[in-house]
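Peer 1: For what it's worth, full-length UniProt numbering labels the leading residue of the sequence shown as 1, then goes sequentially.
A virtual CB, placed ideally from N, CA and C, is assigned to each residue, including glycine.
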Amino acid sequence: MRNSLDWTPYRRSTVGFDRLFDFLENTGSADNYPPFDIEKIADDHFRITVAVAGFKNDEIDITAQQNMLTVSGRKAATKEGEERKLLYSGIATRAFERRFQLADFVRVERADLADGLLTIDLVREVPEAMKPHKIAIGGTQHVLEDKKEAA
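Quick look at the structure:
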């Protein structure tokens, strides 16, 4: 399903958000398994919750690489003699891979699995050099006067 919104007016008035608009235009993914929530806990703290009912810790893999977080799961093969005779199977246990695009300076703090929900806590840590800082007006005049005195 294609997104019916036209993002062109917003693209013209923003700088550096091209990836965001590309993401919004391409969100019509047909595969929505497993379901997930993304919540904002604080200004620089986020949580992704993925419903992974039936999966154990050792059947789930979480990988963070650059600006991409990948959560994948694969059920372990059943052992011999443990054959189950299901009358109805409604719990999805198929293999999955879910990718999340992370913003710059966002890192995975921790992950927990409880009650069929995988929670991944994310923290944005902007380096001091990248934070906004005040620039003094007329600061170059002092540098020029120091150079004149040295000559």
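Go through the UniProt domain "SHSP" (27-140) residue by residue and report every complete run of the beta strand (DSSP E) that reaches 3 residues or more, in order.
Peer 2: 36-42, 45-51, 60-65, 68-73, 96-101, 106-114 and 117-124
Peer 1: Just to confirm, is the Cβ distance from R98 to V71 under 7 Å?
Peer 2: By 1-based counting over the sequence shown, the position of residue 98 is 98. By 1-based counting over the sequence shown, the position of residue 71 is 71. Going by C-beta atoms, R98 is nearer than 7 Å to V71.
Peer 1: For the region 54-69 and the region 124-139, state whether three or more C-beta atom pairs, one from each stretch, are separated by less than 8 Å.
Peer 2: No, because fewer than three Cβ pairs between the region 54-69 and the region 124-139 fall closer than 8 Å, the two stretches do not touch.
Peer 1: Do F96 and P35 have their beta-carbon atoms positioned less than 7 Å apart in this structure?
Peer 2: Locating residue 35 in the sequence shown gives position 35, counting from the first residue. Locating residue 96 in the sequence shown gives position 96, counting from the first residue. For P35 and F96, no; Cβs fall outside 7 Å.
Peer 1: Going by alpha carbons, who is nearest to G90 out of I137, A53, A42 and R47?
Peer 2: Here residue 90 refers to the residue found at position 90 of the sequence shown. Minimum Cα distance to G90 is reached at A53.
Peer 1: To the nearest angstrom, how far is it from the Cα of V126 to the Cα of R47?
Peer 2: Residue numbering aside, residue 126 sits at position 126 when the sequence shown is read from its first letter. Residue numbering aside, residue 47 sits at position 47 when the sequence shown is read from its first letter. Using only the alpha carbons, I get a separation of about 18 Å.
Peer 1: Just to confirm, are A77 and V108 a CB contact at a threshold of 7 Å?
Peer 2: Here residue 77 refers to the residue found at position 77 when the sequence shown is read from its first residue. Here residue 108 refers to the residue found at position 108 when the sequence shown is read from its first residue. Cβ atoms of A77 and V108: not closer than 7 Å.
Peer 1: I'd like to check one pair, A114 with I62: are the Cβ atoms closer than 7 Å?
Peer 2: Position 62 of the sequence shown, counting from 1, holds the residue named residue 62. Position 114 of the sequence shown, counting from 1, holds the residue named residue 114. No, the pair does not count as a contact, with Cβ atoms beyond the cut-off.
Peer 1: Given F100, which residues of its chain have a CB within under 7 Å of its CB, disregarding the five upstream and five downstream residues?
Peer 2: In the sequence shown, the residue the question calls residue 100 occupies position 100. Within the same chain, F100 has close Cβ partners I48 and L69.
Peer 1: For my contact list, A51 and L102 are in at a C-beta cut-off of 8 Å; report their separation, rounded to the angstrom.
Peer 2: What you label residue 51 is simply residue 51 of the sequence shown in a count that begins at 1. What you label residue 102 is simply residue 102 of the sequence shown in a count that begins at 1. At roughly 20 Å, the Cβ-Cβ gap does not stay under 8 Å, so A51 and L102 are not in contact.
Peer 1: Exposed or buried, residue 155, counting other C-beta atoms within 10 Å across all chains shown (16 or more means buried)?
Peer 2: Because residue 155 is not part of the residues shown, which for the chain are 1 to 151, the question remains open.
Peer 1: Could you have a look at M1 and say whether DSSP puts it in helix, strand or coil?
Peer 2: Within the sequence shown, numbered from 1, the residue matching residue 1 stands at position 1. Here M1 scores only 45 on pLDDT, less than 50, and its place in the model should not be relied on; the value that follows carries that caveat. Note: M1 maps to coil in three-state DSSP.
Peer 1: Pick from I60, K75, E128 and I137: whose alpha carbon is nearest that of F105?
Peer 2: Locating residue 105 in the sequence shown gives position 105, counting from the first residue. Of the candidates I60, K75, E128 and I137, the one whose C-alpha sits nearest the C-alpha of F105 is E128.
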